[in-house]
Each structure stands twice: as C-alpha cells, then as structure tokens.
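The sequence shown begins at 63 in our numbering and counts up one residue at a time.
Heads up: the structure comes next, in structure tokens.
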Amino acid sequence: MLTKNSYPANSIDCSNLRKIRDIKPCLDQSHKPPTHLYLEPGEYEWTCPSCGAKQIFTVPLITFSTFTYNGDAPKQSLFEQG
Ligand SMILES: [Zn+2]
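Put into structure tokens, the structure is as follows:
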C-alpha cells in the first residue's frame, strides 16, 4: 500500500509543483477527430465542439503497399496508380 507517508518528508521537493487544473474527461462523441474519412495527405487540426480541445493529426502520403500478381514492383502509393 502506497501512501504519502511511504516517503521521507524531505525526499521530494514539491515547492515548484502546483496543479493547474483538474482532469475532466470530455464525453462528447465528437471529441476525437472523425475516422473512416477519405482525406488528402496532409496535416489536419480538429477542434472538439464541446470542450474546444484541439488535436492535430497527420494523414501520411503513403498509406499502404500492395503486391501485384504480374510481377510488377509493389505500388507504394494510392496516388501513383491509374
Ligand atoms: Zn471535448
């Protein structure tokens, strides 16, 4: 059992430590960016409509590689095909 009395009082200096806010989980379903969207490669910012939290995410240029059956080199990008 770990309690605050488990450590000697002078082992950790907490004088520079202060709590700036409580953790309040956001339960809005729109808190995280929508998935299953087709997005062009790039960097995107999503803002939660409820709490205003911002999240930056990246859609990579290379999404996957596939092997072809006719001996061609694997295609490295969706955007080189066709
Ligand atoms: Zn939120």
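Note that CB positions come from ideal geometry on N, CA and C, so glycine has one too.
One or two residues paired with residue i in a DSSP bridge
i: K116; result: T109
Nonlocal neighbours in the same chain, by C-beta distance under 8 Å from residue i, ignoring five residues either side
i: K116; result: E107, W108, T109 and C110
i: L101; result: V121
i: T97; result: none
i: G104; result: T120 and V121
i: K81; result: none
Residue closest to residue i, alpha-carbon to alpha-carbon, out of the options
i: D90; options: L123, I118, S73 and G114; result: G114
Cβ-based neighbour list, residue i, same chain, cut-off 7 Å, excluding 5 preceding and 5 following
i: C88; result: C110, S112, C113 and A115
i: C76; result: none
Proximal residues to residue i (C-beta, below 6 Å), its chain only, five neighbours per side dropped
i: I118; result: E107
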